Amino acid sequence: MRSIRNTMTGLAVGATCLCSAAMAGELTVATVNNGHMIEMQKLTSHFEKANPGITVNWVTLEEGVLRQRVTTDISTKGGQFDIMTIGMYEAPIWGSRGWLEALEFGADYDVDDILPAMRGGLSHDGTLYAAPFYGESSMIMYRKDLLDAAGMMMPDNPTWGHVADAAAAMTDKDNGVYGICLRGKPGWGDNAAFLTTMANSFGAKWFHQDWKPALDSPAWNHAISFYVDLLNNYGPPGSTGNSFNEILALVNEGKCAMWIDATIAASFVTNPEQSKVADKMAFAQAPVAVTHRGANWLWAWALAIPSGTKQADDARKFIEWATSKEYIELVASVNGWGAVPTGTRTSTYENPNFLGAAIFAEAELKAILSADPSNSTQDPTPYTGVQFAAIPEFQAIGIAVGQQFTAALAGDISVTEALENAQAAADREMRKAGYY
Amino acid sequence: MTDRQKQRLLHRSIVTLAWIIGLLMFFPIFWMILTAFKTEQQAISTPPLLFFEPSFDNFLLIQERTDYTKHALNSIITSFGGTALAMIIAIPAACAMAFKPSHLTRDVLLWMLSTKMLPAVGVLMPIYLICQKFGLLDSRFALVFIYAMINLPIIMMILFNYFRDIPKEILEASRMDGASTFAEITQVVMPLARGGIAATAFLSIVLCWNEAFWSIVLTSSDAGTLVALVASFSSPEGLFWAKLSAVSTLACAPIMIFGWFVQKQLVQGMTFGAVK
C-alpha cells in the first residue's frame, strides 16, 4: 500500500515538474477578435525571435466572454492567463484591488509619449496598471456628398440641434438612406455608453455627490427624449438591435448618412475594401447640447498582467514590446501607416506618414484629447469615467438602464417611465452595495 | 373527386409540406455555407446576394490564423470521450432500472433529469474552483468528465426506455443458461438494443460537440474545441460575418459527415420499439 502511495506521490511530483518545465517562458494572452489584436498575433513571431525562450499562446474570445473569463480567472487567481486584454473600465478598479501588477517600463519605452488621457484612465492613484494597445474616443462620421446635396454644412463642433436638422435634410427613406444611425441595442457598452455621452452633454450625470442615482433629472429626460425622437424620425428600422457592427454594416452599404460612434470606425468606413462610401466620408467632433464636457467618450483596449501569474517578467517584456513606438513602426512597415494602432501615443500623431495615410487622424486626436474621465459632467460627481462610472456596480446598472432605454426607443414604455424604472434599478443596486 | 384522387391529393400535400418544412429548416445552414464564400462586403450586402463569385479567402484566413486541426481533435476527443464515459455508467445503470425496478425508480429518473433544469452558470464557480484546485483548467480530461456528467441524465432516460422494451424472459433464459450479470448486459441486452444505444450515443456526441458554455469557460490555449474556435471569431469592432460563417461551416462539417455515415443506425435506433 505504501509503495503504491509512494509511486503516486512520485508521479504527481514528476508531473508537476514536467508541467512547470513546459510552462517556463510560455505566455498565454487573452484577447478580443479586433483587427489590431489579430495583427499583433501575426507579428508575435518578431517578439519571439527577439526573446528566445519565450513563446506566446493566444486565446481569442468574444468581448462579453472575455470579460467573464478574465473576471473569473483574476478573482479566483486561476492563473489561466499571463496577459489580459482589458478596458479602461476594469483597469483602475482591478488595480485598486491589487488584482493587477503595476506596470513600470524602462526609459526607452517613453511612457510620457502615451496620451495623457489614456495614461490617466488606465491608472489608479498615479500607478499605471494597463498599457494601452489602441485607444478611441467618439465622433461624428458623415456622408459629405449627401450633406452637400442637402445644402448644409457640418461645423467642427456641431450642436445636437444642428445634427437633428442635418439628419432631417439627408433622410431619403424611399431610397433606403437614413439621416442618422445610433446605438439602440441594450448593454452598458452598447446603448448605455453612447447615451451617457449624449446625456453628459445635455447636463446630466449618473450619480449625485452622495452616490444617489440622478437618472430622474430633467436633463436625462431631455437627452433620452431627443434621442428617441431623432431615431424614430430619421433612423433606420430596427434600431433597437443596432450596435457598432450592425451600424458599421449599414454605413458601409451607404444606408446611413451620419453615425456617431467610436473613432476606430473611421478606419473601417474609409477602407474601400469594405465600404461602398469610403471616399465620401468626413468627420466632426461629437455634438454638444449645453456642455462640451463628456460629449465624447474615451476608451482603450489595454494589456495588463494579473497578479496571480508566475510569468510576470516575461509578460512585462511582451507588453513593453506590443505597446511600444517600435511596434507601431513594425506594423507600418508591414501593413502601411494606415493600419497602425491609433489613439495611444503622441508620436503617432506627429508622424507625417501617418497623418498622410489616415484622413481621420486630426479629428480622432482632437476627440481623444478633449475627453477627460475625471471631469466629464457639467456638475461635480463622485465618480470618474466618461461613458461609464468606474465603480464595480456600473456593469449591472448599465445593463438594466440600457434595457429601459431600448424599451423607450421601441415605444413599449414612455421616456418618463423608462427613466423612473432606471432610477429604481440603479437605486436598488447602490443600496445593495452599501453606498448609502 | 374520387376517394383515390382525394388520397393522392392529400399525399401530395403532405409531401409538399414536408419539403417546405425541410427546406426552411435547412435554409440557415445553406445561408451559412453560402456566406462562408463571400467577402465581408458581400456578406452584408442589401439585398442579400445569392449569386456571386465565390472566394476561399475566409477559409485560407482561418488556416493561417488558427490551428483548426488541434481544435477539431479536441472536439473529437472530448465528444467521443465524454460519450464513452457516460455510456459506461449509463448502460449498467439503465439495465438495473429497467430490469429490476423498485418503487423509487421513476423518482430517481426524474431527479436525475431535474439536474438538467439547473442553469450551467449556477455551478460555474464551484466547478471552476474544483478544476483550478486539481490543475484541470484548460484540460481535455475536465471537459470529458463534465460532458459525461451533463449528458448522463438524458442518456439514462433514453436507454431506460429502450431497455424496458426488451422482454425480461430473454434475460431470465440467459440466466438459466448460467450467464453472469456482466454477460447478460454485454451479450444479451446490448446486442438487442444496439440500434438504440447507437442512436443515444450519437445524440450524446452531437450534444457534446455543440456544447459551448463549459468549453469556452474552462479552456484557453490547449483544450479549446471547435465551438470555442467559432466563438473567437465574433468581433466587437469590425465586420466578421463571412469569416464567422466560414469557421462555423468548418466546425459543423465533421459532425454532419459523421451523422451522414451513421444515418442507418440512427433511423433504426429511433424506430426501435415503435411496433410491439
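Sequences listed follow chains W and Y, in order.
Everything in the first sequence is counted per the working numbering, starting at 461 for the first residue and increasing by one.
Everything in the second sequence is counted per the working numbering, starting at 37 for the first residue and increasing by one.
Even for Gly, the Cβ is constructed at its ideal location relative to N, Cα and C.
Being a predicted model, the structure only gives us computed values, none of them experimental.
Contact defined as beta carbons within less than 8 Å: I believe residue i pairs with residue j. What is the distance between those atoms, to the nearest angstrom?
| i | j | result |
| --- | --- | --- |
| Y:Ala282 | Y:Val263 | Contact doesn't hold; Cβ gap of about 15 Å is too wide. |
| W:Ser598 | W:Ala762 | Incorrect: roughly 18 Å between the Cβ atoms, too far for contact. |
| W:Ala709 | Y:Leu275 | 6 Å |
| W:Ala562 | W:Tyr589 | 6 Å |
| Y:Arg176 | Y:Ala259 | 5 Å |
| W:Ala886 | W:Pro673 | 4 Å |
| W:Ile600 | W:Ala746 | 6 Å |
| W:Val530 | W:Ala490 | 6 Å |
| W:Phe820 | W:Phe743 | 5 Å |
| Y:Pro290 | Y:Ala108 | 6 Å |
| W:Ala664 | W:Trp648 | At roughly 16 Å, the Cβ-Cβ gap does not stay under 8 Å, so W:Ala664 and W:Trp648 are not in contact. |
| W:Asp542 | W:Ile765 | 7 Å |
| W:Leu606 | W:Ala717 | 5 Å |
Ignore the nearest five residues each way along the sequence and tell me which others in residue i's own chain have a CB closer than 6 Å to its CB.
| i | result |
| --- | --- |
| W:Ala475 | Caution applies to W:Ala475, whose pLDDT of 43 falls short of 50 and renders its modelled position unreliable; the value that the coordinates give is listed next. Contacts found: none. |
| W:Ser463 | Caution is warranted here: a pLDDT of 48 is assigned to W:Ser463, below 50, making its placement in the model unreliable, and the coordinate value is therefore given only provisionally. Nothing listed; no residue qualifies. |
| Y:Ile113 | Arg176 |
| W:Gly636 | Lys715 |
| Y:Phe95 | Ala282 |
| W:Glu486 | Thr515 |
| W:Gly555 | His584 and Tyr589 |
| W:Ala860 | Ala885 |
Going along the chain, which residues of its own chain have a beta-carbon closer than 8 Å to the beta-carbon of residue i, five neighbours each way excluded?
| i | result |
| --- | --- |
| W:Ala482 | The pLDDT assigned to W:Ala482 is 42, lower than 50, so where the model puts this residue is not dependable; a value taken from the coordinates is nonetheless given after this. Answer for W:Ala482: no residue qualifies. |
| Y:Leu228 | Ile202 and Ile206 |
| W:Ile522 | According to the sequence provided, residue 522 of chain W is Glu. The question's Ile does not apply to it. Same-chain partners within the cutoff: Val492 and Asn493. |
| W:Gly580 | Pro833 and Ser834 |
| W:Met497 | Thr491, Thr520, Thr545, Phe593 and Trp761 |
| W:Val846 | Thr656, Thr657, Asn660, Gly754, Asn756, Trp757, Leu758, Ala831, Asp832, Pro833 and Ser836 |
| W:Asp839 | Gly663 and Lys665 |
| W:Gly611 | Ala629 |
In its own chain, which residues sit with a C-beta less than 7 Å from the C-beta of residue i, not counting the 5 before and 5 after it?
| i | result |
| --- | --- |
| W:Arg465 | Bear in mind that the predicted position of W:Arg465 carries a pLDDT of just 49, short of 50, making it too unreliable to give a figure here. |
| W:Leu471 | Note that W:Leu471 scores a pLDDT of 44, beneath 50, so its modelled location is shaky and nothing firm can be said. |
| W:Ala856 | Glu889 |
| W:Cys479 | Per-residue confidence for W:Cys479 stands at a pLDDT of 42, beneath the threshold of 50, marking its modelled position as unreliable; the derived number appears in the next sentence. The answer is none, since no qualifying residue turns up. |
| Y:Pro189 | Met148, Leu149, Thr151 and Lys152 |
| Y:Ile69 | Thr285 |
| W:Leu690 | Ala624, Ala627 and Ile640 |
| Y:Ser111 | Trp245, Thr261 and Leu262 |
| W:Lys785 | Asp570, Asp573, Arg805 and Ser807 |
| W:Ile851 | Tyr843 |
| W:Tyr893 | The identity of residue 893 of chain W in the sequence shown is Ala, whereas the question assumes Tyr. Excluding residues within five positions, the ones whose Cβ falls inside 7 Å are Glu853. |
| W:Ala884 | none |
| W:Thr751 | Ser661, Gly663 and Gln838 |
Per DSSP, residue i forms a beta bridge with which residues?
| i | result |
| --- | --- |
| W:Trp719 | W:Met601 and W:Cys641 |
| W:Gly595 | W:Ala760 |
| W:Phe743 | W:Met601 |
| W:Val489 | W:Trp518 and W:Ile543 |
| W:Ser583 | W:Leu588 |
| W:Arg805 | W:Ile574 |
| W:Leu560 | W:Pro766 |
| W:Val748 | W:Thr619 |
Is residue i near the ligand HEM, with its Cβ less than 8 Å from a heavy atom?
| i | result |
| --- | --- |
| Y:Ala134 | In the structure on display, the ligand HEM does not appear, and there are no ligands present to speak of. |
Within 8 Å of chain W by C-beta, residues of the region 259–270 of chain Y in sequence order: If the cut-off is 8 Å between Cβ atoms, the region 259–270 of chain Y has Gly260, Ala267, Ser268, Phe269 and Ser270 near chain W.
Where the region 70–90 of chain Y meets chain W: residues whose CB sits under 9 Å from a CB there: Close to chain W, meaning a Cβ-Cβ distance shorter than 9 Å, are the following residues of the region 70–90 of chain Y: Thr75, Glu76, Gln77, Ala79, Ile80, Ser81 and Thr82.
Contact list for the region 698–732 of chain W against chain Y, Cβ threshold 9 Å: Result list: Ser703, Phe704, Asn705, Leu708, Ala709, Leu710, Asn712, Glu713, Lys715, Ala722, Ile724, Ala725 and Phe728.
Unbroken stretches of the beta strand (DSSP E), 3 residues or longer, contained in the region 501–537 of chain W: Segments of the beta strand (DSSP E) lying fully in the region 501–537 of chain W: 515–521.
Cβ-based contacts, 8 Å cut-off: residues of the region 514–535 of chain W near chain Y: Under the 8 Å Cβ criterion, the region 514–535 of chain W contributes Asn517, Trp518, Val519, Thr520, Leu521, Glu522, Glu523, Val525, Gln528, Arg529 and Thr532.
Alpha helix (DSSP H) runs contained entirely in the region 141–168 of chain Y, provided each spans 4 or more residues: For secondary structure counted as the alpha helix (DSSP H) over 4 or more consecutive residues, the region 141–168 of chain Y holds these complete runs in sequence order: 141–150.
Positions along the region 163–175 of chain Y whose CB lies within less than 8 Å of some CB in chain W: For the region 163–175 of chain Y, which is checked against every Cβ of chain W, the residues closer than 8 Å are Tyr164, Leu165, Gln168, Gly171, Leu173 and Asp174.
Proximal residues, the region 89–108 of chain Y versus chain W, C-beta separation under 9 Å: Taking 9 Å as the Cβ-Cβ cut-off against chain W, the residues of the region 89–108 of chain Y that qualify are Glu100, Arg101 and Thr102.
Those runs of the alpha helix (DSSP H) which lie wholly inside the region 617–672 of chain W and span at least 4 residues: Those alpha helix (DSSP H) runs which fall completely within the region 617–672 of chain W and span 4+ residues are 620–630 and 651–661.
Contiguous beta strand (DSSP E) assignments of at least 3 residues, all confined to the region 57–132 of chain Y: Those beta strand (DSSP E) runs which fall completely within the region 57–132 of chain Y and span 3+ residues do not exist here.
Every unbroken beta strand (DSSP E) inside the region 157–228 of chain Y [3 residues or more]: Correct list: empty.
Interfacial residues, the region 228–256 of chain Y to chain W, with Cβ spacing under 7 Å: For the region 228–256 of chain Y, the residues whose beta carbon sits under 7 Å from a beta carbon of chain W are, in order, Ile252, Val253 and Ser256.
Segments assigned alpha helix (DSSP H), at least 4 residues, entirely inside the region 226–309 of chain Y: If one requires a minimum length of 4 residues, the alpha helix (DSSP H) runs lying completely within the region 226–309 of chain Y are 230–246, 249–254, 262–267, 277–297 and 299–307, in chain order.
Within 8 Å of chain Y by C-beta, residues of the region 662–682 of chain W in sequence order: Among the residues of the region 662–682 of chain W, none has a Cβ less than 8 Å away from any Cβ of chain Y.
Chain Y contacts made by the region 483–494 of chain W, where a contact means CB separation under 8 Å: So the close ones are Thr488, Ala490, Val492, Asn493 and Asn494.
Residues of the region 121–142 of chain Y whose Cβ lies closer than 7 Å to any Cβ of chain W, in chain order: Taking 7 Å as the cut-off between beta carbons, none of the residues of the region 121–142 of chain Y comes near chain W.
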